[in-house]
Amino acid sequence: MQLRYTEALATCSHILLMAGANTPDWQAVVQQALATLRNVAGCVRIGLRLYPSFNQILPDYEVLIFDQAPHVPPFKNYPTKSEDVDPKLVQTTLSGEAIIGTPEAYFPPGSSQRIHYEQNNIRSFVILSVIIEGQWRGHMVAAEQYERTWSEATVRLLRTGLEMIGAFIHQWEIASMLRGREAQLRALGDNLPNGFIYQLRRDSNWRPTFTYLSSGITQILGITPEEGLNDADALYSRLVPEDRKRVEASERQSAHHLHDVAEVVSHLGPDGQRRWLYLCDRPRTLADGSIIWDGLALDITERQLAAEELTRARDAAEAAARARATFLATMSHEIRTPLNAVIGMAALLQDTALNEEQRALADTISTGGQALLALINDILDFSRMESGHVTLEQSPFNLHNCLASAVELVAHGARQKGLVIGYSFDPELPQKVRGDEVRLRQILLNLLGNAIKFTSQGEVHLRASAEPAGDQAALISISVSDTGIGMNLEQQGRIFDAFVQAETKTAIKYGGTGLGLAISRQLATLMDGSIHVNSAPGHGSTFTLRLTLPLDAACLTSAVSPADREAAMPLLEILVAEDNLVNQELMRRILGRMGHRVTVVSDGKAAITAVCQISYDVLIMDLQMPEVDGITATRQIRALGQSIQQPYIIALTSSVATSQQAEVMEAGMDAFLTKPIQRSELALALSAATRRTKTQT
């Protein structure tokens, strides 16, 4: 008997091992093993039930596999109820002990289990639990149609056979789970749009082998997964040579430091066109010392082409911007040089004794020159703002002086039209503030200039007030009112747009670029302020600038008019270095009328020689001169140190580039003036030189 049992178990083991965990029909294999056990045990039926969990037993089994003797009537699967099972019997089942006996011994009359056994003519049984990896999964029942004594050897046979079947089921479930995951991975790789998944192994001799390639590689590189698995070079050879070297170098670094690889490489696609791949993988070390990279390759050709097109567009835009900036700078320089003579000489002519006709002609020359200068300045400012190259200063200044000087600068033009112009400050308006005085004055000059332009009779008035904005700041309101032509609501809505004026006929009648208000609003926005207009046709306009300025505790000078500044200025020894003969004569006349002694030289080399021979208070130096330019001359003069009286050096140039202003200051110059020279700006620069001279003495 023992030999038969041993042979039966060997047969059972052979059936299970031969089928293997990858068999497609595991239930048929289990049934063959059950048939072997039933035959050797000599019972009429043997069945195996597997359940999803212990809480879902009896009616909710997942699998029922059984084998029975040929002469036995068909099995009747009578429904059973879990509540009919004795809890003690449940505990015995969970413990793994065998339940051996008759239905009458374990199930009361009328219970679903008792009826089930009676319907199938079962008089005795052995029930064994299916335990897989320590978890209860179901039970096996060996049944007989008569009351039978089940020997220990038979029970041991059944238990051993069931353990074999349980181990087989466990292996099959693991294999099935792995097959499912492999199928998921394969589906992921095969369905990956424009890409493929790969696994690369390099052994200790650095030989590459691809251990996995998804089918997407065929679409991307034109090779099958099998070709890549058989020969790694089939994949590497698709890369352009320089990219292949870079990838292999990255892999060596990755293997050494165990960090990820992320590279963009190019290759020739199946259609012969150049394409780009993004490779990203992560390394791990195996026990034999080899390195495995699990990676993803994505076709990024469209993105790469879009990026290259964007780069080309950016480069073209930057080149166009540079060309425009160069053109504007050149235009500005070439126009400012002769314009300096036109405006300067017109101003000198206006200061002479002229008859009415001569004065009208001189005024026309001056007005035309100033209009052309305003046009150049507006175009340059708008260009700088478009390119984001406008930066604001944060320096202390006298707000009263700034407002008064702005009105003073346009007062002459207003009075020539017979207009009354003035200003008023509320008592609470602070004097000492911090900000960009030059840009604030530019806004005010735009507003005042427009008010004068569009007003034929009446007045133009600037009013300033303030209210607290915390302990260290004030909200400043500056309004410019006129009695001019006014605007309707539709015109007010677009008056701040670039190159826009209220009407076409307005542009024809009054001239201008339509940039002044656009620039003013952008400057106000940069200052965290705002400009608004209130107007009505025929009733004039009021433009209001509102901005917050920090208060400054520094002691600032009080407002001084340009005329008073010139009158209070002491006699200065001034050296002018200028190669243009017309500009030489202009500077000689302007400075002479201010009461200063003037010496003129034609280049930087002569300026260096002159300051070594005579002590000058001020050196006004053109930047672009033959032999030695203004910046080089300044550096050489400053290098002389205390061996000479160091003059206050004012740069004179036709360029308005911020970079050149910075270069000028770095070279050692003290001030920066642009052509055409405005007499008021020149007087302001000379007054600064006077203050420094007094401080030094």
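Residue numbers (my numbering): 101 to 797.
Cβ coordinates follow ideal geometry from the N, Cα and C atoms, glycine included.
Please read these numbers as outputs of a predicted model, since none were measured by experiment.
Does the Cβ-Cβ distance between residue 295 and residue 323 come in under 8 Å?
It is not a contact, given that the beta carbons lie outside the stated cut-off.
State buried or exposed for residue 680, treating a residue as buried only when at least 16 other CB atoms are found within 10 Å of its CB.
Per the 10 Å Cβ criterion, buried.
Assigned exposure category for residue 116 - 16 Cβ within 10 Å defines buried:
Burial call: buried.
Local Cβ density within 10 Å of residue 769, reported as buried at 16 or more and exposed below that
So residue 769 ends up on the buried side.
Proximity to residue 445 [Cα-Cα], best of 646, 767, 684, 761:
That would be 684, whose Cα lies nearest to the Cα of residue 445.
Rounded to the nearest angstrom, what separates residue 249 and residue 144 at their Cα positions?
So the alpha carbons of these two residues sit roughly 14 Å apart.
What residue range is occupied by the uninterrupted beta strand (DSSP E) comprising residue 639?
Premise fails: residue 639 is in no beta strand (DSSP E) and is neither H nor E.
When the Cα atoms are used, what is the spatial distance from residue 536 to residue 423?
The alpha-carbon atoms of residue 536 and residue 423 are separated by roughly 29 Å.
Thinking residue 785 and residue 764 are a contact (beta carbons under 8 Å), I'd like their distance in whole angstroms, please.
So it is not a contact: roughly 13 Å between Cβ atoms.
If we cut at 8 Å on Cβ distances, does residue 428 have a partner in chain C?
Among the protein chains of the structure shown there is no chain C, as only one such chain exists.
Please report the residue range of the alpha helix (DSSP H) in which residue 547 lies.
Where residue 547 is concerned, the enclosing alpha helix (DSSP H) stretches over 537–553.
What are the start and end residues of the beta strand (DSSP E) that includes residue 565?
559–568 is the span of the beta strand (DSSP E), which, as asked, contains residue 565.
Those residues which DSSP pairs with residue 255 across a bridge:
According to the DSSP secondary-structure assignment, residue 255 is paired through a beta bridge with no residue.
Beta-carbon gap between residue 270 and residue 149 smaller than 8 Å:
When the beta-carbon positions are compared, residue 270 and residue 149 stay at least 8 Å from each other.
Where residue 156 falls, given that 16 or more other Cβ within 10 Å makes a residue buried
Any answer about residue 156 is weak, because its pLDDT of 48 lies below 50 and its placement is not dependable; what the coordinates show is given next. Exposed, because fewer than 16 other Cβ atoms sit within 10 Å of the Cβ of residue 156.
Cβ pair residue 650, residue 573 closer than 8 Å
Between residue 650 and residue 573, the C-beta gap is smaller than 8 Å, which places the two residues in contact.
Just to confirm, does residue 256 get its C-beta within under 7 Å of one of the non-hydrogen atoms of the ligand PLP?
Of the ligands one can find in the structure shown there are none, so the ligand PLP has no counterpart to examine.
What did DSSP end up calling residue 184 once you bin it into helix, strand or coil?
Helix at residue 184.
Between which two residues does the alpha helix (DSSP H) containing residue 139 stretch?
First-last of the alpha helix (DSSP H) with residue 139: 126–141.
Considering just the uninterrupted stretch of the alpha helix (DSSP H) at residue 203, what are its terminal residues?
Here the alpha helix (DSSP H) through residue 203 covers 203–206.
Reducing DSSP to helix, strand and coil, say where residue 398 ends up.
Residue 398 falls in the strand class under three-state DSSP.
So, for residue 169: in the same chain, excluding its five sequence neighbours on each side, which residues have a beta-carbon less than 6 Å away from its beta-carbon?
144, listed in sequence order.
Taking only three categories from DSSP, how would you classify residue 650?
Of the three classes helix, strand and coil, the one that applies to residue 650 here is strand, per DSSP.
For residue 514 and residue 580, believed in contact at Cβ under 8 Å, the rounded distance:
That belief does not hold up - the Cβ atoms of residue 580 and residue 514 are roughly 12 Å apart, past 8 Å.
Residues of its chain near residue 338, where Cβ-Cβ distance is below 6 Å and the 5 sequence neighbours each way are ignored:
Contacts found: 321, 367.
Under the three-state DSSP convention, the category residue 602 falls into
Any reading at residue 602 needs caution, since the residue's pLDDT is 47, under 50, leaving its predicted position unreliable; the model's value is listed next. If DSSP states are grouped into helix, strand and coil, residue 602 belongs with coil.
Span of the alpha helix (DSSP H) around residue 755:
Secondary structure note for residue 755: it is in no alpha helix (DSSP H), with a DSSP letter that is neither H nor E.
Where does residue 167 land, buried or exposed, given buried means 16+ other C-beta within 10 angstroms?
Classification of residue 167: buried, given that the 10 Å Cβ count is 16 or more.
Let me check understanding here. Comparing Cα to Cα, which of 340, 384, 472 lies closest to residue 374?
Answer by Cα proximity: 340.
Specify, as a first and last residue, the run of the alpha helix (DSSP H) that residue 317 falls within.
For residue 317, the enclosing alpha helix (DSSP H) covers residues 316–321.
Just tell me which of 176, 355, 528 has its CA closest to the CA of residue 384.
From the listed residues 176, 355, 528, the smallest Cα separation to residue 384 is found for 355.
If we count the other Cβ atoms within 10 Å of its Cβ and call it buried at 16 or more, is residue 103 buried or exposed?
Flag for residue 103 reads exposed.
Cβ contact (3+ pairs, closer than 8 Å) linking the segment 698–708 and the segment 727–743
Short answer: they touch.
What do you get for residue 110, buried or exposed, if any count of 16 or more other CB atoms within 10 angstroms of its CB means buried?
Residue 110 comes out exposed.
Mapping DSSP to helix, strand and coil, what is residue 338?
Residue 338 sits in coil when the DSSP states are folded into three classes, being neither helix nor strand.
Run through DSSP, which three-state label would residue 217 get?
Here residue 217 sits in helix by DSSP.
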